[in-house]
Amino acid sequence: MNICVFLSAADLPERYTRPAREFAELLGKGGHTLVWGGSDKGLMKVVADGVEQSGGKLLGVSVEFLAASARPVSAGSGEMIITADLAERKAQLLARADAVVIMVGGTGTLDEATEILELKKHGMHTKPVVLLNTAGFYDGLREQFQRMEDEGFLPIPLTELVLFAEEPVGALAHLEESAGVQ
7 MNICVFLSAA DLPERYTRPA REFAELLGKG GHTLVWGGSD KGLMKVVADG VEQSGGKLLG
67 VSVEFLAASA RPVSAGSGEM IITADLAERK AQLLARADAV VIMVGGTGTL DEATEILELK
127 KHGMHTKPVV LLNTAGFYDG LREQFQRMED EGFLPIPLTE LVLFAEEPVG ALAHLEESAG
187 VQ
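Its first residue numbered 7, the sequence shown is counted upward by one per residue in my numbering.
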């Protein structure tokens with residue numbers, strides 16, 4: 007399965023890198039392909055390293071103005087695509103993925119998350135989406151989404167839109183179950 011992961015390229019403390027590394031190792035050992043923003047920095051590097059070292063494949067989608075920080079990939083373990091702009095990058099990431107995981111990140115990750123959820127809300131894709139709520143990072147967002155649902159702003163139940171997972175193993179289990187992978 008091709009699993010798109012939206013996440014930060016920042017260097018982050020262990021409370022964020024440990025669960026990201028754990029998810030990456032599960033993904034790689036499961037024979038999955040990481041579809042990600044292509045950076046070889048920060049948390050993106052942690053996840054790409056973990057997937058590759060655990061036997062998974064890499065499919066990076068970077069953007070021209072960030073190409074200098076794109077991860078070099080070998081023909082045997084991956085591929086790197088360079089897009090013209092961020093909108094094309096997001097479109098390529100979603101098009102090449104069977105499922106989406108949103109890890110900790112800043113405004114770029116939040117932008118990606120909300121666009122993916124908006125597209126799903128309107129039926130533009132049916133891929134499972136998981137927010138990996140590492141160290142309670144997305145507690146406030148979960149509360150906001152719940153308010154949106156409670157007050158009638160979501161035309162579909164929140165549980166059909168996104169799953170909030172507290173641990174990497176639960177996130178991957180949900181994606182595999184959704185895809186019928188045993």
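C-beta: ideal position from N, C-alpha, C; glycine also. Computed from a predicted structure; not experimentally measured.
Distance CB(residue i)-CB(residue j) smaller than 8 Å
i, j, result
"L137", "P174", "no"
"L169", "V110", "no"
"V107", "I122", "no"
"R95", "V69", "yes"
"L13", "T115", "yes"
"K126", "P161", "no"
"Y48", "A16", "According to the sequence shown, residue 48 is Gly rather than Tyr. Taking 8 Å as the Cβ cut-off, G48 and A16 qualify as a contacting pair."
"A76", "I9", "no"
"A210", "R21", "The displayed coordinates of the chain run from 7 to 188. Any statement about residue 210 would go beyond what the structure contains."
Inter-residue Cα distance where the pair is residue i and residue j
i, j, result
"L33", "S80", "19 Å"
"F143", "G43", "20 Å"
"S60", "L178", "15 Å"
"E124", "T89", "22 Å"
"D46", "A73", "10 Å"
"V11", "A119", "10 Å"
"G158", "G129", "18 Å"
"G146", "M7", "30 Å"
Closer than 7 Å: residue i CB and nearest the ligand GTP heavy atom
i, result
"K51", "This structure lacks the ligand GTP; in fact it carries no ligand of any kind."
Residues that residue i bridges to, as DSSP identifies them
i, result
"G84", "L64"
"V136", "V107 and L169"
"T89", "V69"
Unbroken stretches of the alpha helix (DSSP H), 4 residues or longer, contained in the region 92 to 118:
Residue ranges of uninterrupted alpha helix (DSSP H) with 4 or more members, entirely inside the region 92 to 118 and ordered along the chain, are 92 to 101.
Which complete beta strand (DSSP E) runs does the region 35 to 73 hold, if anything under 3 residues is left out?
Counting only runs of 3 or more residues that sit fully inside the region 35 to 73, the beta strand (DSSP E) segments are 39 to 42 and 63 to 69, in chain order.
Sufficient close CB pairs (3 or more, under 8 Å) joining the region 57 to 68 to the region 81 to 97:
A contact between stretches requires three or more CB pairs, one per stretch, nearer than 8 Å, and the region 57 to 68 meets this requirement with the region 81 to 97.
Does the count of Cβ pairs from the region 21 to 32 and the region 46 to 58 closer than 8 Å reach three?
A contact exists between the region 21 to 32 and the region 46 to 58.
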